[in-house]
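Notes for the one structure printed next.
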Amino acid sequence: MKRKAFETALPYTLPICVGFLFLGMSYGFLMRSMGFSVWYPMLMSFFIYAGSMEFVTANLLMSAYNPLYAFVLTLLVNARHMFYGISMLNKYKNTGWKKFYLIYGMCDESFTINCTVTPPKDVDKGWFMFFVTLLNQIYWVGGATLGALLGSFITFDTTGIGFVMTALFVVMFINQWEESSDHRPALIGLISSFICLILLGADNFMLPAMALIILIFTLDRKNLDKQEVTTL
C-alpha cells in the first residue's frame with residue numbers, strides 16, 4: 001500500500017523537485033553570502049519550511065531584535081495557509097497520525113497537488129498525500145543544504161536572487177492555466193488582487209485580497225463544484 005502510494009505520488013512531485021532544488025540552492029547561497037553557517041539554512045528549511053518566509057528571515061536575523069514585528073510579518077507573509085488549511089479539512093479526514101505531518105508540511109506546491117489530484121482507487125489517499133508532502137520537503141531541505149555547502153566554495157553576486165520565489169509562483173500559475181479549461185478561479189484571483197492593490201497599495205493588499213477571493217469562492221461554490229464535476 002505504501003509503495004503504491006509512493007510510486008503514484010513521485011511523478012507529480014518531480015517538476016517541483018527541479019524548482020525546489022534550484023530555489024533551495026539559491027536560499028542556501030544567500031544565507032552563506034550573509035555569513036551564516038551551513039546549519040542555519042539546513043535547519044531553517046526543515047523547521048520553518050516556508051520558502052518566502054525563509055528568505056525574509058535571513059534579513060530579520062541581520063536586523064535588530066523585534067519579536068512582535070517578526071510575528072506580524074510572518075503572519076502576513078504566510079496568511080494564505082489559513083485559507084489553505086480550511087479548504088483541506090475534508091481532505092485530511094480519516095488520515096490518522098499522518099494528519100499532523102500533513103498540516104505541518106503543507107506548502108503551496110503540496111497543497112496544489114493534494115487539493116487537485118485524486119489518486120486511483122487502489123491507492124490510499126492518506127499515504128499519497130503524505131508522500132507528496134514528504135518528497136517536497138526533502139527536495140526543499142536538500143536544495144537548501146546543497147546550496148549552503150556549495151556556497152562555502154563558490155561566491156558570486158546574489159543581488160536579486162530572492163526573485164526566484166516569485167518566478168516559481170508565476171510558472172505554477174501558467175501551468176494551472178494551461179491544464180484547466182475553467183479559468184474563472186484564476187481570473188477571480190487576479191482581478192481581486194488587482195483591485196485591492198489599487199485601493200490599498202502594495203504593503204496592505206495581500207490579506208484583503210485573500211479574504212475577497214475566499215468570499216467570492218464561497219458565494220460561487222455551487223457553480224464551481226458543478227464545473228468540477230463536469231470536468232471530471
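Position one of the sequence shown corresponds to residue 1 (full-length UniProt numbering), numbered consecutively onward. Cβ atoms here follow ideal geometry from the backbone N, Cα and C, with glycine treated the same way.
- Listed in chain order, the non-local C-beta contacts of GLY126 below 6 Å within the same chain comprise THR95 and LYS98, local neighbours out to five positions each way being set aside.
- When the Cα atoms are used, SER181 and THR116 turn out to be separated by approximately 14 Å.
- Closest in C-alpha terms to MET129, from the list GLY189, GLY147 and SER110, comes SER110.
- THR112 and LEU68 have their C-alpha atoms some 31 Å from each other.
- The alpha helix (DSSP H) runs lying completely inside the segment 26-100 and spanning 4 residues or more are 39-47, 51-60, 67-77 and 80-87, given in chain order.
- For PHE205, there is no enclosing alpha helix (DSSP H), as DSSP marks it with neither H nor E.
- From the listed residues ILE138, PRO208, ILE214 and THR145, the smallest Cα separation to TYR27 is found for THR145.
- Scanning ALA186, ALA202, ASP122 and GLU179 for the CA closest to the CA of MET1 turns up ASP122.
- Approximately 23 Å separates the beta-carbon atoms of LEU134 and VAL38; this is outside 8 Å, ruling out the contact.
- The C-alpha of ASN114 lies about 34 Å from the C-alpha of PHE36.
- Straight across, the Cα-Cα distance linking SER52 with PHE205 is about 17 Å.
- With a cutoff of 9 Å on beta-carbon distance, ILE16 and TYR139 are scored as near each other.
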